[in-house]
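Undergrad:
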Amino acid sequence: METTEPVIVVEHLYKSFGANKVLQDFNLTVHANENVVVLGKSGSGKSVLIKCIIGLLKPERGRILVFDKNIPDLSEEELDAVRVRIGFLFQGNALYDSMTVRENLEFPLRRHRLRQTQAEVDRLVMEALENVSLPHTVDMMPSELSGGMLKRVALARTMILQPDIILYDEPTTGLDPVTAREIDRLIVQLQHKYHTASIIITHDMHCVKNTADHVALLLDGQVYTEGTYSDLESSSDPQVKQFFE
Amino acid sequence: MALGRDIASFLEQTGLIGRFTGRFFSAGLKPRYEFREFLAQCYIIGYESLPLVGLTGFIMGLVLTMQLRPSLIEYGVQSQLPVMVGIAIVREIGPVITALIFAGKIASSIGAELGSMKVTEQIDAMEVSGTNPFKYLVATRVLACTLMLPVLTLLGDAISLTGAYIGVNIRSVTSFRLFFDQVFASLNFGDVLPALIKTFFFGFAVGVIGCYKGYFSNKGTRGVGNSANSAVVLASVVIFIIDLLAVQLTDILGLN
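Chains as they are written, first to last, in this note's numbering: chain A, 1374 to 1618; chain B, 269 to 524.
(1) Per DSSP, Ala-1570/A is paired with what?
(2) What does Ala-1501/A touch in chain B if you count any residue whose Cβ is under 8 Å from its own?
(3) Could you spell out the range, first to last residue, of the beta strand (DSSP E) harbouring Ile-1459/A?
(4) Taking the alpha-carbon positions, what's the Gln-1535/A to Tyr-1541/A distance?
(5) Between which two residues does the alpha helix (DSSP H) containing Asp-392/B stretch?
(6) May I have the straight-line CA-CA distance separating Thr-442/B from Thr-333/B, to the nearest angstrom?
(7) Thinking Gly-329/B and Val-353/B are a contact (beta carbons under 8 Å), I'd like their distance in whole angstroms, please.
(8) Helix, strand or coil: how does DSSP classify Tyr-301/B here?
(9) Quick check: what's the CA-CA separation for Ser-504/B versus Glu-1451/A?
(10) Roughly how many angstroms separate the alpha carbons of Thr-1490/A and Glu-1479/A, rounded to a whole number?
(11) Pull up the distance between the alpha-carbon of Arg-1456/A and that of Leu-1447/A, whole angstroms please.
(12) From this set, His-1509/A, Asp-1512/A, Arg-1475/A and Pro-1515/A, which residue's C-alpha is nearest Leu-1497/A's C-alpha?
(13) Closest to Cys-1580/A by C-alpha separation, out of Arg-1558/A, Asn-1504/A, His-1404/A and Ala-1454/A, would be which residue?
(14) Going along the chain, which residues of its own chain have a beta-carbon closer than 6 Å to the beta-carbon of Arg-445/B, five neighbours each way excluded?
(15) Shorter than 9 Å from the beta carbon of Thr-399/B to some beta carbon of chain A?
(16) Give the list of continuous beta strand (DSSP E) stretches no shorter than 3 residues that lie fully inside the region 1572 to 1604 of chain A.
(17) Rounded to a whole number of angstroms, what is the C-alpha to C-alpha distance between Phe-468/B and Phe-1390/A?
(18) For His-1404/A, which option in Met-1499/A, Lys-1414/A and Val-1380/A has the closest C-alpha, if you only look at C-alpha atoms?
(19) If I follow the unbroken alpha helix (DSSP H) through Asp-1495/A, where does it start and stop?
(20) Going along the chain, which residues of the region 371 to 389 of chain B sit with their C-beta nearer than 7 Å to a C-beta in chain A?
(21) Indicate whether the contact test is met: 3 or more Cβ pairs, each with one atom in the region 481 to 489 of chain B and one in the region 411 to 421 of chain B, closer than 8 Å.
(22) Would you mind reading off the limits of the beta strand (DSSP E) that contains Asn-456/B?
(23) Nearest by alpha-carbon distance to Val-1410/A: which of Lys-1394/A, Val-1561/A and Ala-1467/A is it?
(24) Quick check on the burial criterion: 16 or more other C-beta atoms within 10 angstroms. Buried or exposed for Ser-1607/A?
(25) Since I believe Ile-369/B is in contact with Leu-320/B (beta carbons under 8 Å), could you give me their beta-carbon distance rounded to a whole number of angstroms?
(26) Would you identify the three-state DSSP class for Thr-1402/A, choosing helix, strand or coil?
(27) Output yes or no for whether 9 Å exceeds the beta carbon distance between Ile-1527/A and Leu-1462/A.
(28) What are the start and end residues of the beta strand (DSSP E) that includes Glu-1618/A?
(29) Using beta-carbon positions only, say whether Leu-1507/A and Gly-1435/A come within less than 9 Å of one another.
(30) Cβ atoms of Ser-454/B and Ile-355/B: under 9 Å apart, would you say?
(31) Return the bridge partner residues of Phe-484/B from the DSSP annotation.
(32) Does the contact criterion of 3 or more C-beta pairs under 8 Å hold for the region 291 to 311 of chain B versus the region 395 to 407 of chain B?
(33) Among the residues of its own chain, which have a CB less than 6 Å from the CB of Thr-324/B, if the five just before and after it don't count?
(34) Gln-1491/A CB to nearest chain B CB: under 9 Å?
(35) How long is the line joining the alpha carbons of Asn-1400/A and Thr-1473/A, rounded to whole angstroms?
(36) Figure out for me which residue from Val-1395/A, Arg-1484/A, Thr-1575/A and Leu-1518/A has the closest Cα to the Cα of Pro-1432/A.
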């Protein structure tokens, strides 16, 4: 893979909740058009990391440079401007349950592309749904969809503003193996189509294998080791091997 | 020991609600304004509450009249029934009962809605999509509550007085015009305005408390239920406290 400009640089990040030190001197770099998987056990701080990157949580120390802007230092307005360029797929999908699928997808468009005509909005909504093979769900409510469909609609909403970066929080958790592999394929397809950089938080090794250009293993609040999937798979370190067994 | 903890918890809650209210004034009222959502909330909070407020107001007027009649007959002042019912409804019972009904319906609904959005990360999703959830969800609902409760109270008073008119006519015959002429002749500026002004505060309290309880909901679905429940209880108590302060204030200002 050719080297490109870094779009996310996390340096010496510290985050704790009371006495629970979650991230301690965490460092990570993500380049444009690169899928980085952060692998770790449950409760190791993976979700905390991406919530710090998107500005939902404030770290105690350290820098999080996204497009050369340090997220913890940004004002609310500056943060909103950066967030428009970042998509975030929540573990629980977080679709607005009082809105139809169409309204869920229109919501970010109406907030950020104010001058778009209804025809243009409709076209983008349908394109996003076609990307995830669910155009027929456009007028359905989230409560009428299955778990896999919800995940795909959430992915469509994440992609609708065509962000430069996508943060995936456990994208395959709670899905059956077939649907989980479909989500893996969609992640890779969308990366190729829109040239996004991604951080994928997961402990699903199939997802890691299918989506990762680069893998960082999070252990004790730090990157314990990193490399390609093959590098980690062939490691003899017991801390690494336990994930592949 | 337990009493000390309760007092500390009460003071902490009061402080947090105060800070939440301050945030409403400092951030919620600044552009960008969410007009579409505000109008949608006015419809949900105002228009959709009207049948309930109307029904309870009608029954309240009817029952109040039927209950007062025997006492007034006893003292030989039954002709004053429209006057007494009018003053009671417009000055006190109408605003307070409407506010309590409103708190029961709206504070619980807002508490549960925002609480559910919180625990399912919908509020976080809004935030990461570059939309300020405080402006979009909280400011719009608080403003809609503040503006809709006075409107509902005026309509509720009118429906309640209509119920009272029917109540008067159950045992005697009074014309619609005579009844309302007597009611309006007995009311003055000092009866109507303070009663109306306090409903803005009632509405504001219901909106702030409902939003606060929902916005900071936690502990999963049980937390959502607790948010809805505690929003109604707290809003109802605060309505009575505001009413007490309003009565004291109008007394001091000589508006009674």
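For every residue, glycine included, the Cβ atom is placed at its ideal position computed from N, Cα and C.
TA: Looking at the atomic coordinates:
(1) As a position in the first sequence, residue 1570/A is number 197, starting the count at 1. Ile-1538/A, per the DSSP bridge assignment.
(2) Here residue 1501/A corresponds to residue number 128 of the first sequence, with the count starting at 1. What Ala-1501/A touches in chain B: nothing, since even the nearest Cβ is about 14 Å away.
(3) Translated into the one-based positions of the first sequence, residue 1459/A becomes position 86. First-last of the beta strand (DSSP E) with Ile-1459/A: 1459 to 1462.
(4) On the first sequence, position 162 is the one that residue 1535/A refers to. On the first sequence, position 168 is the one that residue 1541/A refers to. Going from the Cα of Gln-1535/A to the Cα of Tyr-1541/A covers about 15 Å.
(5) Taking the second sequence and counting its residues from 1, one reaches residue 392/B at position 124. Segment 390 to 396, the alpha helix (DSSP H) holding Asp-392/B.
(6) Here residue 442/B refers to the residue found at position 174 of the second sequence. Here residue 333/B refers to the residue found at position 65 of the second sequence. Taking the straight line joining both Cα atoms gives about 13 Å.
(7) In the second sequence, residue 329/B corresponds to position 61, counting from 1. In the second sequence, residue 353/B corresponds to position 85, counting from 1. Gly-329/B to Val-353/B, Cβ: 7 Å. Contact.
(8) On the second sequence, position 33 is the one that residue 301/B refers to. Tyr-301/B: coil per DSSP, three-state reduction.
(9) Here the question's residue 504/B lines up with position 236 in the second sequence. Here the question's residue 1451/A lines up with position 78 in the first sequence. In a straight line, the C-alpha of Ser-504/B is about 40 Å away from that of Glu-1451/A.
(10) In the first sequence, counting from the first residue as 1, residue 1490/A sits at position 117. In the first sequence, counting from the first residue as 1, residue 1479/A sits at position 106. Answer to the nearest angstrom: the Cα atoms are 12 Å apart.
(11) The residue labelled residue 1456/A in the question sits at position 83 within the first sequence. The residue labelled residue 1447/A in the question sits at position 74 within the first sequence. Cα to Cα, Arg-1456/A sits roughly 11 Å from Leu-1447/A.
(12) To locate residue 1497/A, count along the first sequence from 1; it is residue 124. The option with the nearest alpha carbon to Leu-1497/A is Arg-1475/A.
(13) For the purposes of this step, residue 1580/A is taken as residue 207 along the first sequence, with counting starting at 1. Nearest C-alpha to Cys-1580/A: Arg-1558/A.
(14) Position 177 of the second sequence, counting from 1, holds the residue named residue 445/B. Hits under 6 Å: none found.
(15) On the second sequence, position 131 is the one that residue 399/B refers to. Yes, Thr-399/B lies at the interface with chain A (some Cβ there is under 9 Å from its Cβ).
(16) 1587 to 1592 and 1595 to 1600
(17) Stepping through the second sequence from its first residue, residue 468/B is reached at position 200. Stepping through the first sequence from its first residue, residue 1390/A is reached at position 17. Taking the straight line from one Cα to the other gives about 40 Å.
(18) Taking the first residue of the first sequence as 1, we reach residue 1404/A at position 31. Residue Val-1380/A is the option with its Cα nearest to His-1404/A.
(19) In the first sequence, residue 1495/A corresponds to position 122, counting from 1. Taken as a continuous stretch (DSSP letters only), the alpha helix (DSSP H) holding Asp-1495/A covers 1491 to 1504.
(20) Thr-388 and Glu-389
(21) no
(22) Sequence index remark: in the second sequence, residue 456/B carries index 188 (1-based). Segment: none, Asn-456/B is in no beta strand (DSSP E) and carries neither H nor E.
(23) In the first sequence, the residue the question calls residue 1410/A occupies position 37. Checking every option, the nearest Cα to that of Val-1410/A belongs to Val-1561/A.
(24) Translated into the one-based positions of the first sequence, residue 1607/A becomes position 234. With fewer than 16 Cβ atoms within 10 Å of its Cβ, Ser-1607/A is classed as exposed.
(25) Against the second sequence, residue 320/B aligns to sequence position 52. Against the second sequence, residue 369/B aligns to sequence position 101. 6 Å between Cβ atoms; contact.
(26) Position 29 of the first sequence holds residue 1402/A. Here Thr-1402/A sits in strand by DSSP.
(27) Here residue 1527/A is taken as the residue at index 154 of the first sequence, counted from 1. Here residue 1462/A is taken as the residue at index 89 of the first sequence, counted from 1. The amino acid occupying residue 1527/A in the given sequence is Ala; Ile does not appear at that position. Yes, they are a contact pair.
(28) Within the first sequence, residue 1618/A is the residue found at index 245, counting from 1. Unbroken run through Glu-1618/A: none, as it is neither H nor E.
(29) Against the first sequence, residue 1507/A aligns to sequence position 134. Against the first sequence, residue 1435/A aligns to sequence position 62. Not in contact: Leu-1507/A and Gly-1435/A (Cβ atoms no closer than 9 Å).
(30) Sequence index remark: in the second sequence, residue 355/B carries index 87 (1-based). Sequence index remark: in the second sequence, residue 454/B carries index 186 (1-based). In this structure, Ser-454/B lies closer than 9 Å to Ile-355/B by Cβ.
(31) By one-based count along the second sequence, residue 484/B stands at place 216. Answer is none; Phe-484/B lacks a bridge partner.
(32) yes
(33) Position 56 of the second sequence, counting from 1, holds the residue named residue 324/B. So the qualifying residues of the chain are Ile-369.
(34) Here residue 1491/A corresponds to residue number 118 of the first sequence, with the count starting at 1. No, no contact with chain B.
(35) Locating residue 1400/A in the first sequence gives position 27, counting from the first residue. Locating residue 1473/A in the first sequence gives position 100, counting from the first residue. The straight-line gap from Cα to Cα measures roughly 40 Å.
(36) Start at 1 with the first residue of the first sequence, and residue 1432/A comes out as number 59. The option with the nearest alpha carbon to Pro-1432/A is Val-1395/A.
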